[in-house]
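Numbering (our numbering), first residue to last: 3 to 247. Inspection log for the structure reproduced underneath, given as structure tokens.
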């Protein structure tokens, strides 16, 4: 998927956890083979070319396309599963694959799991007694600095996803124009229970711009967010403070 995945796993029976970790890594490679738009032989590429039908693909392809359709509906089209007129569900695949990998480890008996896929993090349980998982949010305007620290204290699972232009430039597309999204934002960090949705919502919110994005994110149940503009303004949803620490 063109990025680095890291795993932090605590507790559980060692052999079961090692097996689950190996299975999670293998699963990520399969996801890359099936969904990569850079591989001409991937199922997604062949589906986009009309060489396969959805029914001929692995069941996960239909699952991801259904998630994309739901994301498009809930974001009023600001999330899109197409790029340059071609099928491209990668805006949801990374978060979905991170979440699936983390669940494999939880199901194997790990008491604490944190999976980071290119800066998008899914956390379950705790890293130790009386210690919550904590995730630093990079400051897009001050390299090496932190804009905030998100804490998973008091919840069994939490996800943190960031979309922006600081590291990868203007790679986010405005679905309504088909061109790079030009907004007042440099970064959007979304916090919620599931990284599948947090990642998708961060991308959609960035394309919207700060004013529309903040109102929309406030309307999503269980979602909090931090938005940073190019003018160094920080805007956040009403409940974000409860997740900082």
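We put the CB at the ideal spot given by N, CA and C, even for glycine. Given the structure is predicted, the values throughout are model-derived calculations rather than measurements.
Item                                                                                                  : Value
Span separating the alpha-carbon of residue 190 from that of residue 122                              : 12 Å
Inter-stretch contact (C-beta, 8 Å, three-pair minimum) for the stretch 14–27 and the stretch 111–118 : yes
Nearest to residue 10 (by Cα), restricted to the options 153, 22 and 118                              : 118
CB contact flag (residue 186, residue 211, <8 Å)                                                      : yes
Run of the alpha helix (DSSP H) containing residue 212, from where it starts to where it stops        : 212–220
Euclidean distance between Cα positions of residue 136 and residue 150                                : 10 Å
Close beta carbons around residue 84, own chain, < 7 Å, minus the five adjacent residues each side    : 90
Alpha helix (DSSP H) runs wholly inside the stretch 27–98, at least 4 long, in chain order            : 45–50 and 61–76
Proximity below 8 Å, CB of residue 204 to CB of residue 231                                           : no
Exposure label - residue 177; buried when at least 16 CB within 10 Å                                  : buried
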